[in-house]
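The listed protein sequences correspond, in order, to chains U and L. For the record, in the first sequence the residue sitting at position 241 is 250 according to my numbering, with numbers rising by one throughout. For the record, in the second sequence the residue sitting at position 20 is 1379 according to my numbering, with numbers rising by one throughout. Here a beta-carbon is modelled for each residue, glycine too, at the ideal position from N, C-alpha and C. Keep in mind the model is a prediction, meaning the values are calculated, not measured.
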Amino acid sequence: MKPLIRKNQFLLIIVCALFFGACQDEVTSTYTYRTMYPVYLEMSDIRARVYSTVEAQPLESPGKIYIYGDYLLVNEPTKGIHILDNSNPKNPVNLSFIPIPGSMDLAVNNGFLYADNYVDLLVFNIQNPNNIQLVERVEDVFAQLYGHDTGQIITFKDTVITSEDPYYGGWGCPNCMAFNDALSFSSNYSAASQSYGTGGSMARFTLMNGHLYTIDNLSLRVFDVRKAQEPNYLKEMEVGWGIETIFPFQGKLFLGSNRGMYIYDASTPSTPELLSVFEHILSCDPVVVNEKFAFVTLRNGNVCWNGANELQVINIENPSTPYLMKSYEMLNPHGLGLAGDYLYVTEGEHGLKSFNVSDVLKIDENQLEFLTNQKSVDLIPGPKSLIVIGPDGICQYDYSQPDALEKLSCIQVEQPIAF
Amino acid sequence: MISGRILILLLGVFILTFETFGQDHPYFMQTEAGILLGDSEYESNEIFDRKGFTFHTFHGVHLTSKHVLGFSLGVDRYKNFTVVPIAVGWRGFLGKKENSKLFLAMDLGAGGPVSQEAFESEWQEYRYNAGLMFNPSVGFRFPSKKGKTALSITLGYKRQDFSFIYGEKSRAITQTGVSSSGSVVPRGYNSYSKTKYLYHNLSLRMGIML
């Protein structure tokens, strides 16, 4: 009788079984998380660097934008300032970059650019954008960054770490701290992505009546800049906790904080005086203002995650006694801009909205547009275009018809990897 | 959860196979049950012998008298998971005679845990992603004295992987983050973890062929 299995076939089976059976299961975990690690810097090293323009750099995480004539100045938080030629809003051209470590904000006064460089204020002559020169350094004015005992600057750098350890802030990096939305430079658009001017709502540097006002979390600083190239640091005023935004209007300063809106009378520019405080629940709140009303967005995010998502209209006809007219439910409002009777609200990942606010009691009935694909965190209604800043980049719209915004151009942020 | 795209692709191959060959070529079926054997590791690093039930049903058509192409569906039980692999498969009969007893088999497809629900809220997200299934094997058939049915026994290797994804969302708008090793935290997330499961099995099954 013929055997059922030949000898070589039997061997084949045995070899297969032994070979494949020898392997052991594998279970591998990787944890990738955002964290912040401390960076200690000596200001003497920072000051010794050369501050001049270099070739254009791609936008990574655009922060505050400033319009200067036909130019756009775009802050790259903690890294520097991009210079763009925006004479044609349909085709903005990235011209050059000024590396300024620690830079978070900027303002331009008569052709002189103010930028923070950790604890110092720098002044650049940008009257010829092709030949930008550092002309002045005002030292130690933002002294809150100094460590108390060492005199070093302590700052935290956003980073992404991969480990096999699920623990945040990891044992491999004992000084790292868990990623904090509120402190992060790359994500905290309330701190890093501001704008300035009549349309800007998230500014931390602002100019009014020959004075530069800067805010940090707790305080308001005043500089006399009537000689634009020689800022004269005047004073620091403690304001309150959680100051986020500053908006100037007709001799008054409107400060948005986590807890409410502060109105300062700056008719004596060197000595702003508190007029009133309009308090609300804990929330994040950029402000824009016209003669009668302040428009405030309250946002559920960052440190203010218990807050609401609302647009509030506050009557400021008597700035000493502001009161709430009406509040409207929003999705996740960030910066906002006012151009005449039209209000533009950035809704974070949800998009961009425009409203007719000629009747402030019926804003919800007068929503004109909701561009859900335009993720946005702040905007400036500029002279040539509505400039919208979002996580994907900077887009410009023709807003001559607020109910039919027409996209002119977008400068895309360089994404690390498309996920 | 098995990826919808893979499922659609496999169904497409299956339908195409039957459409193309079904009318002129006889139907073939192989359904078996058995055991998966492997070595796993406890968290304490202790190795243990893993055993789990396996079920497998293959349906195809004869391209020639020696070659069958088809589609298979299985159920495999691992320690904490029940995995349903779906695959395209081939069966090849060795020897010159029509009724050869030795055959080779190859199944290639994808599978992932079933009954593990995906979850997403404004704070977090987790889900299982299907992974590759690869199952070469060798078998014997023992034809019945009457009719076309046969008893089959197969011995093979079965590789199955899948992954578990867990993400904690950010309250802020964050950009996509990339670590120095190239791992990614997607935009809108503060952390993202991935656990890869890879099972090496010796599969031993018995069943019927038609």
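Kindly indicate if chain L contains any beta-carbon less than 8 Å away from that of residue i.
i         : result
U/Glu-35  : yes
U/Tyr-242 : no
U/Lys-416 : no
U/Tyr-46  : no
U/Ile-170 : yes
U/Arg-43  : yes
U/Cys-32  : yes
U/Pro-86  : no
U/Tyr-40  : yes
U/Gly-209 : Because U/Gly-209 carries a pLDDT of 39, less than 50, the predicted location of this residue cannot be relied on, and the following value inherits that uncertainty. Not an interface residue.
U/Pro-295 : no
U/Pro-71  : no
U/Pro-400 : yes
Where residue i and residue j are concerned, what is the direct C-alpha to C-alpha distance, given to the nearest angstrom?
i          : j          : result
U/Asp-387  : U/Met-52   : 32 Å
L/Ser-1538 : L/Asn-1488 : 22 Å
L/Ile-1512 : U/Val-36   : 30 Å
L/Thr-1423 : L/Phe-1452 : 10 Å
U/Thr-207  : U/Phe-121  : In this predicted model, U/Thr-207 has a pLDDT of only 29, less than 50, meaning its place in the structure is not dependable enough to derive any value.
U/Ile-76   : U/Asp-407  : 16 Å
L/Ser-1562 : L/Glu-1405 : 23 Å
U/Phe-429  : U/Glu-239  : Nothing about residue 429 of chain U can be read from this structure; chain U reaches only from 10 to 428.
U/Val-150  : U/Ile-92   : 25 Å
U/Asp-433  : U/Val-144  : Given that chain U is displayed from residue 10 to residue 428, the structure contains no residue 433 of chain U and the question cannot be resolved.
L/Asp-1408 : L/His-1426 : 35 Å
L/Met-1568 : L/Phe-1499 : 10 Å
L/Gly-1536 : L/Phe-1417 : 44 Å
U/Asp-368  : U/Met-334  : 11 Å
U/Val-296  : U/Val-59   : 37 Å
L/Gln-1389 : L/Lys-1555 : 31 Å
What distance in whole Å lies between the Cβ atoms of residue j and residue i, which are believed to be in contact at a cut-off of 8 Å?
i          : j          : result
L/Met-1492 : L/Ala-1469 : 6 Å
U/Ile-163  : U/Leu-131  : Not really, about 20 Å apart at Cβ, beyond 8 Å.
U/Asp-79   : U/Asn-100  : Not really, about 12 Å apart at Cβ, beyond 8 Å.
U/Gln-405  : U/Leu-414  : That belief does not hold up - the Cβ atoms of U/Gln-405 and U/Leu-414 are roughly 10 Å apart, past 8 Å.
L/Leu-1461 : L/Gly-1454 : 6 Å
U/Ile-420  : U/Gly-402  : 5 Å
L/Leu-1395 : L/Lys-1517 : 6 Å
Leaving aside the five residues before and after residue i along the sequence, list all residues of the same chain whose C-beta is less than 6 Å from its C-beta, in chain order.
i          : result
L/Leu-1525 : According to the sequence provided, residue 1525 of chain L is Tyr. The question's Leu does not apply to it. Cβ within range, chain order: Tyr-1485 and Ser-1552.
L/Asp-1466 : Ser-1431, Ala-1446, Gly-1448 and Asn-1494
U/Lys-445  : The structure shown does not extend to residue 445 of chain U, since chain U spans only 10 to 428, so no value can be given for it.
U/Gly-357  : Asn-341 and His-343
U/Thr-171  : Thr-39 and Thr-41
U/Lys-393  : Pro-98
U/Ala-348  : Pro-390
U/Lys-244  : Val-231
L/Leu-1575 : Outside the shown range of chain L (1360 to 1569) lies residue 1575 of chain L, about which nothing can therefore be said.
U/Tyr-353  : Gly-346, Ser-363 and Leu-388
Might you give, ordered along the chain, the residues of its own chain that have their beta carbon closer than 7 Å to the beta carbon of residue i, omitting 5 neighbours on each side?
i          : result
U/Leu-283  : Tyr-271 and Tyr-273
U/Trp-314  : Low per-residue confidence applies at U/Trp-314: pLDDT is 48, beneath 50, and the placement is therefore not dependable, though the value from the model is reported in the following sentence. Cβ within range, chain order: n/a, list empty.
L/Lys-1574 : Any property of residue 1574 of chain L remains undetermined from this structure, which presents chain L solely from 1360 to 1569.
U/Ser-279  : His-220, Val-231, Asp-233 and Leu-243
Please tell me whether residue i has its Cβ less than 8 Å away from any Cβ of chain U.
i          : result
L/Arg-1546 : yes
L/Val-1442 : no
L/Leu-1428 : no
L/Lys-1528 : no
L/Lys-1578 : Nothing about residue 1578 of chain L can be reported from this structure: the residues present for chain L run from 1360 to 1569 only.
L/Glu-1400 : yes
L/Leu-1432 : no
L/His-1559 : yes
L/Thr-1554 : yes
L/Asn-1439 : no
L/Gly-1411 : no
L/Ser-1503 : no
L/Tyr-1485 : no
L/Thr-1533 : yes
L/Tyr-1386 : no
L/Asn-1494 : no
L/Asn-1404 : no
L/Gly-1471 : no
Can you determine whether any heavy atom of the ligand PLP sits closer than 7 Å to the C-beta of residue i, and answer yes or no?
i         : result
U/Val-286 : For the ligand PLP, the structure offers nothing, since it holds no ligand at all.
Residues in the same chain with beta-carbon distance under 8 Å from residue i, minus the five sequence neighbours each way, listed in chain order, please.
i          : result
U/Ser-418  : Pro-98, Lys-99, Asn-100, Pro-101, Cys-404 and Gln-405
L/Thr-1508 : Pro-1502, Ile-1567, Met-1568 and Leu-1569
Inter-stretch contact at 8 Å, needing at least 3 Cβ pairs: the stretch 326-345 of chain U / the stretch 296-310 of chain U: yes
contact_flag[the stretch 138-145 of chain U, the stretch 250-260 of chain U] where n(CB pairs < 8 Å) is 3 or more: no
The stretch 113-124 of chain U contacting the stretch 98-105 of chain U, beta-carbon criterion three pairs below 8 Å: no
Inter-stretch contact at 8 Å, needing at least 3 Cβ pairs: the stretch 371-383 of chain U / the stretch 45-59 of chain U: no
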